[in-house]
Amino acid sequence: MDSNFDVTQRYNAGLRKWDKYGSNFLPAWIAEHDFGSPPAVKERLYDLVSSGTFGYHDQDAKLGEAFSLWSNTRNSLEVNPEMIIPVVTVLQGVAACVEAFSSEGEGILYNTPSYPPFLELPSHSKRRSVEWKMIKSENGWKYDFDSLEEILSEDPQIRILLLCNPHNPTGVVLKENELKQIVNIARKYNLVLVSDEIHSDFIYKESTHIPTLAIDGAEEITVTVTSGAKSFALAGLRCAVVLSGNKNLHEKLLNVPKFLLGGANRMGCEATIASWKTGSGWMDEIVEILEHRRKCLKSRVDNEIPSARMFLPESTFLAWIDLSEFDLGENPAKFLREKTGIAFGNGPDFGTGGEGHIRLTFGTSEDLLNEMINRLGEGLL
Ligand SMILES: Cc1ncc(COP(=O)(O)O)c(C=O)c1O
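Each number in the numbering used here corresponds to the 1-based position in the sequence shown with 152 added.
Shown next, in the form of structure tokens:
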């Protein structure tokens, strides 16, 4: 695994990460790593291109089997491949769940700070956004179970709890006892749990990813949405899966008009299948590299920018950094982009809890990461 790459070539590759702000800026904003995809992906796609078979396709069963293998290998969770529906992206799968399991005017509950598209998704489908705010303690961001019960008892029209496990942007991994509480509370208030597990392959040594569906009693109320897009840098190929815990949920999802489920791209399906079938060792190497990056970033931020506050992420290749001591205004990322030439994610875009924060994508080469930290430190002086 070569974690170095040709930066010039990246700027000219038509990738949103590199092109949005152009070659005068280092990109640390979007959640995409720079380590490419496993070799089996290119091999499979080369074969497909040379066969020239680009008609309507049917990869559903193979995708289901490959995901089932991956889930078993990585998380010891047996899943029924027949409960899987391919979709185009994770966000689209979440939108399909909103359509299937709630009605206009009903509430969709999610944690803030939040992956920004979740903030908008409910209102686009005429549902209501309801925040379950995370709280920041001395040791890091936490789920607040007292407030969860309060929110649900005051608003009986909440239908869906949209979980992000592991959590973007904080990198927090839900513990087994927390997931159990969530499942119990969700059952008590008749919620459907939609569990976005797109970051679940990036788990560091001290943590374990527990799929929501692994919790007793979760099958009847849980739908997991995930993909290989983050793990294998396949986001442009457009393929994700929605996995229902039982037949009843699956059938409700199948009632969503087929054209709204998108129809995943053949290339994306084949790339994802190749990754899930052969990419476990490759993934371990990526996590090992990221382990070094996150520790290097944390120790350099602590030592060189002591007024910045960063908790070690338990998962993801995203660092959620509190710069509120620096008074960078309403758009800390814009301020820093102009000052440092680095494009960070802008904390306030993540809703409540994002004020004064930036999100830094550390899934890159050691050299680029060090350059980013150097420039961030100088820019904050
Ligand atoms: C939590 C989470 N869900 C979904 C997505 C987007 O995935 P997709 O492009 O498949 O919709 C991202 C991307 O950053 C994400 O962080």
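Note that beta-carbon positions come from the ideal geometry of N, C-alpha and C, so glycine has one too.
Q. Per DSSP, what kind of secondary structure is Thr-264 in: helix, strand or coil?
A. strand
Q.
What does the alpha-carbon distance come out to for the pair Ser-254 and Asn-522?
A. 46 Å
Q: List the residues that DSSP assigns as beta-bridge partners of Glu-440.
A: In the DSSP assignment, Glu-440 is bridged to no other residue.
Q | Distance between beta carbons of Ile-510 and Asn-526, contact taken as under 8 Å | A | With a Cβ gap of about 16 Å, Asn-526 and Ile-510 do not count as contacting.
**Q.** Delimiting residues of the alpha helix (DSSP H) encompassing Val-324
**A.** Run containing Val-324: none; DSSP gives neither H nor E here.
Q) Residues in its own chain within less than 8 Å of Arg-445 by CB, not counting five upstream and five downstream? A) Phe-469, Phe-514, Gly-515, Thr-516, Glu-518 and Leu-521
Q: Pick helix, strand or coil for His-276, following the three-state DSSP scheme.
A: Looking at His-276 - three-state DSSP - the assignment turns out to be helix.
Q.
Please report the distance separating the alpha-carbon of Lys-429 from that of Phe-187.
A. 19 Å
(Q) Quick check on Ile-542: does DSSP put it in helix, strand or coil? (A) Residue coverage of the chain in this structure runs from 153 to 533, which leaves residue 542 outside it and unanswerable.
(Q) Is Asn-164 a contact residue of ligand 1, with contact defined as CB to any heavy atom under 7 Å? (A) no
Q: Work out the CA separation of Cys-448 and Ala-460 for me, nearest whole Å.
A: 15 Å
(Q) If you follow the alpha helix (DSSP H) that Lys-332 is in, where does it begin and where does it stop? (A) 328-340
Q. Just to confirm, are Tyr-295 and Ser-467 a CB contact at a threshold of 8 Å?
A. No. Outside cutoff.
(Q) Give me, in chain order, the residues of the same chain whose beta-carbon lies closer than 6 Å to that of Trp-170; leave out the 5 immediate sequence neighbours on both sides. (A) Arg-162, Tyr-163 and Pro-179
Q: Between the Cα of Lys-450 and those of Leu-442, Met-462 and Ile-441, spot the shortest distance and give me the residue it belongs to.
A: Met-462
Q) Do you know offhand how far Asn-455's Cα is from Tyr-262's? A) 34 Å
Q: Answer yes if the segment 478-485 comes into contact with the segment 329-341, meaning at least three C-beta pairs across the two stretches below 8 Å, and no otherwise.
A: no
Q: Note down the Cα distance separating Thr-264 from Pro-500, rounded to an integer number of angstroms.
A: 11 Å
Q. Met-236: beta carbon under 7 Å from a heavy atom of ligand 1?
A. Note that residue 236 corresponds to Ile in the displayed sequence, not to Met. No.
(Q) Is His-361 near ligand 1 - that is, is its Cβ less than 7 Å away from at least one heavy atom of it? (A) No, the beta carbon of His-361 sits no closer than 7 Å to any heavy atom of ligand 1.
Q) Taking Cβ to Cβ, would you say Ile-425 is nearer than 8 Å to Leu-215? A) Yes, these two residues count as a Cβ contact at 8 Å.
Q. Excluding sequence positions up to five away, which residues of its chain have a Cβ less than 6 Å from the Cβ of Ala-366?
A. For Ala-366, where only same-chain residues beyond five positions count, the Cβ hits under 6 Å are Leu-229.
**Q.** Asn-498 (DSSP reduced to helix, strand or coil)
**A.** strand
Q. From Asp-307 to Thr-504, what distance separates their C-alpha atoms?
A. 20 Å
Q | Cβ-Cβ separation, Gln-211 to Glu-422 (assumed contact under 8 Å), whole Å | A | 7 Å
Q | Beta-carbon proximity list for Leu-386, same chain, < 8 Å, skipping 5 on both sides | A | Ser-189, Val-193, Ser-379, Gly-380, Gly-420, Ala-423, Thr-424 and Ser-427
**Q.** Separation of Pro-465 from Val-324, as counted between CA atoms
**A.** 6 Å
Q: Give the secondary structure of Thr-130 by DSSP, where H, G and I count as helix, E and B as strand, and everything else as coil.
A: Absent from the structure is residue 130, since the part of the chain shown begins at 153 and ends at 533.
Q) Helix or strand or just coil, what does DSSP make of Ile-536? A) With the chain represented from 153 up to 533, any question about residue 536 goes unanswered, as that position is not in the structure.
Q) Cβ atoms of Val-393 and Ile-236: under 8 Å apart, would you say? A) yes
Q: Return no unless some Cβ of chain D is closer than 8 Å to the Cβ of Arg-446.
A: Note that chain D does not occur in the displayed structure, where there is just one protein chain.
Q: Thinking Val-246 and Leu-314 are a contact (beta carbons under 8 Å), I'd like their distance in whole angstroms, please.
A: 7 Å
Q: Can you grab the Cα-Cα spacing for the pair Glu-301 / Glu-258, in whole Å?
A: One C-alpha to the other measures close to 17 Å.
Q. Cα separation between Leu-406 and Ile-312?
A. 18 Å
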